[in-house]
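Chemist: Have a look at this one before I ask anything.
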Amino acid sequence: MKIVVDHGRCDAHGNCVGACPEVFYLDDNDDLHVLNEHPHEELREKVEAAVRLCPKAALSVTD
Amino acid sequence: MDRVIVVGASLAGVTACDALRRNGFEGELMLIGSETSLPYDRPPLSKALLAGKQSAADCLLRPTEWYEQMDITMLLGTRATALDLATRAIELEGGRRIRFERLVIATGAQPRALPNATVNGVHTLRTLEDSCGLMARLGAGVRVAVVGGGFIGVEVAATAWELGCDVTLIESLPSPLSRTLGDTIGQLCAGLHREHGVDVRCNVTVRDVIRNGTVNAIRLDDDSLIPVDLVVVGIGVQPCTSWLETSGLELRDGVVCDSYCRTAAPGVVAAGDIARWRHPNLGLVRFEHWENAILQGEAAAAAVLSPGASVEYAPVPYVWSDQYDRRIQVVGHPAPRDEVVIADGEVERGQFLAFYVRTGRVTAAVAFNRARLIHAIRPLLSKPLLLNKALEALGREDESRPFIAQVTGDSP
């Protein structure tokens, strides 16, 4: 799977970090970073939860 | 035939539908909603949509095709009027009855009205239609009174200010947001609005709305008279349970559920603003939070799909509010009387994390523009958390450092 962040929509709520800290990371300025754009399949459930919990619908998963 | 009916085309209802299909439910799935619009997202209604920065179409939770792809039968613009558990049927406006095997109740809540104030120019804000109607009236120089300093009220006040309105915010308690967040944080909120030029009036209530065809002033119980063009009332909501009154389900400011979101009736669950459920750590609670609508919609779907479900629904509550350039995020379940200690950042700069503390334990955390920290603390709140352990988790091991100070609640 590949994670796509629409940075135009992202508003750094950080809900994705709460759902899947293995993949999403907020820095000291609360800017969002994706630690791994192609996470292991075992993280799929958590990544998909992060997608659903984004208030700005800024995240998607392809594949 | 196996039919699941979801009543309430809300975030909780749509999420329940999504979760049912995702978890393999292949029977008939029906979504009933009283509004004619496709289900939409509420946070923009007091913020981006109201400010004209987001379109109504962009507020829809899912596109039309999604409901077709998920094979969901949509009954929009249709109000459920009764639930008959003996025959396991929903009664709709007009008398039509639809039977179900399993039921998800997600009819949400509706705004409380100001007594004696059903007059042109007095608005409440709950629906997409409400927001669009209000937006059409806001603009530069419009005099707006916002009655109620809860999350909706403070957000509307901020948005109206951004649109150039002349705003008065009226709260019956000593400060806005204090009913949920206490007076310490409430005073910061009041200060934030005053800095922007909003006239914040606390410890007062509205005596009456004075009108001449439409609203032209409101009188407060301290006898002050505020000339206004429109009034927005945000004094809380009540769960939409009237259609359930004859059902026999236990209703107590919401539909009472166990820790799995199940009512006492087999195969009947509730989720979202309407559900008062037994949280394993917090007791019988009901939340009106966006994220709770999603997580509880999922939990209720799981419980109705697998009646022997083994996972209790025990989230650490989370809510956020955007006002001006501040994002306030709260995790946990604060009590207004909990002590507030600053754990990180500077209050004066509007960027900090604070803990709510009761008998040495952290009950909740609030952040102003500190998203990273609030999400770092949240998982720790799923178990009892001592203040020193919470500080340690932030890398602040010495509790006596000067940045831990109690905020004074002095009113300007």
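Respectively, the protein sequence lines represent chains A and B.
The opening residue of the first sequence carries number 1 in my numbering; numbering runs sequentially from there.
The opening residue of the second sequence carries number 1 in my numbering; numbering runs sequentially from there.
By construction, the Cβ of each residue, glycine as well, lies at the ideal position given by its N, Cα and C atoms.
Exposed or buried, what is residue 28 of chain A when buried is set at 16 or more other beta-carbons lying within 10 Å of its beta-carbon?
Modeler: So residue 28 of chain A counts as exposed.
Chemist: Any C-beta of chain B sitting closer than 8 Å to the C-beta of residue 44 of chain A?
Modeler: Not one chain B Cβ lies under 8 Å of residue 44 of chain A.
Chemist: Ignore the nearest five residues each way along the sequence and tell me which others in residue 200 of chain B's own chain have a CB closer than 6 Å to its CB.
Modeler: Excluding sequence neighbours, residue 200 of chain B sits near 169, 190, 193, 194.
Chemist: Just confirm the distance between the C-beta atoms of residue 60 of chain A and residue 51 of chain A, as a whole number of angstroms; I'd bet it's less than 8 Å.
Modeler: Indeed, because the Cβ distance is near 6 Å, the residues count as touching under 8 Å.
Chemist: May I have a chain-ordered list of the beta strand (DSSP E) segments no shorter than 3 residues that lie completely inside the stretch 33 to 117 of chain B?
Modeler: Counting whole runs of 3 or more residues, the stretch 33 to 117 of chain B contains the beta strand (DSSP E) stretches 72 to 75, 80 to 84, 89 to 92, 97 to 99, 102 to 105, 109 to 111.
Chemist: Am I right that residue 46 of chain B and residue 152 of chain B are in contact with their C-beta atoms under 8 Å? What's the rounded C-beta distance?
Modeler: Between residue 152 of chain B and residue 46 of chain B the Cβ distance is about 6 Å, and since that is below 8 Å, they are a contact.
Chemist: Any beta-carbon of chain A closer than 8 Å to the one on residue 291 of chain B?
Modeler: By this cut-off, residue 291 of chain B is an interface position.
Chemist: Starting from the beta carbon of residue 13 of chain A, find every residue of chain B whose beta carbon is closer than 7 Å, and list them in chain order.
Modeler: Simply 320, 371.
Chemist: Report yes if the C-beta distance between residue 146 of chain B and residue 229 of chain B is below 8 Å; otherwise report no.
Modeler: No, the Cβ-Cβ distance between residue 146 of chain B and residue 229 of chain B is not below 8 Å.
Chemist: Below 6 Å CB to CB, which residues in the same chain sit around residue 135 of chain B once its five sequence neighbours on both sides are set aside?
Modeler: Result list for residue 135 of chain B: 50, in chain order.
Chemist: What residue range does the alpha helix (DSSP H) around residue 287 of chain B cover?
Modeler: First-last for residue 287 of chain B: undefined, no H or E at that position.
Chemist: Can you name the residues of chain B whose CB is closer than 7 Å to the CB of residue 18 of chain A?
Modeler: The contacting residues are 375, 378.
Chemist: Using CA atoms only, rank isn't needed, just tell me which of B:132, B:267, B:259, B:307 is closest to residue 286 of chain B.
Modeler: Selected option, being the one with the closest Cα: B:259.
Chemist: Across the stretch 201 to 216 of chain B and the stretch 245 to 257 of chain B, are there enough close Cβ pairs to call them in contact, namely three or more that are closer than 8 Å?
Modeler: Short answer: they don't touch.
Chemist: So what does DSSP say about residue 235 of chain B, is it helix, strand or coil?
Modeler: Looking at residue 235 of chain B - three-state DSSP - the assignment turns out to be coil, as it is neither helix nor strand.
Chemist: Return helix, strand or coil for residue 349 of chain B, following the three-state DSSP convention.
Modeler: Note: residue 349 of chain B maps to coil in three-state DSSP.
Chemist: Short of 6 Å in beta carbon distance, which residues of its chain neighbour residue 156 of chain B, apart from the five on each side in sequence? Order them along the chain.
Modeler: So the list reads 46, 146, 232, once near-sequence residues are dropped.
Chemist: What does the Cβ neighbour count give for residue 54 of chain A, buried or exposed, with the cut at 16 atoms within 10 Å?
Modeler: Buried, since its Cβ has 16 or more Cβ neighbours within 10 Å.
Chemist: Using beta carbons (cut-off 8 Å, strictly below), is residue 59 of chain A in contact with chain B?
Modeler: Cβ-Cβ to chain B under 8 Å: no for residue 59 of chain A.
Chemist: Could you check what DSSP says for residue 142 of chain B in three-state terms: helix, strand or coil?
Modeler: Correct three-state label for residue 142 of chain B: coil.
Chemist: Out of B:102, B:375, B:108, state which residue places its alpha-carbon closest to the alpha-carbon of residue 264 of chain B.
Modeler: The shortest C-alpha separation from residue 264 of chain B is found at B:102.
Chemist: Going by the beta-carbon positions, is the gap between residue 243 of chain B and residue 261 of chain B smaller than 8 Å?
Modeler: No; because the gap between Cβ atoms is not below 8 Å, this pair is not in contact.
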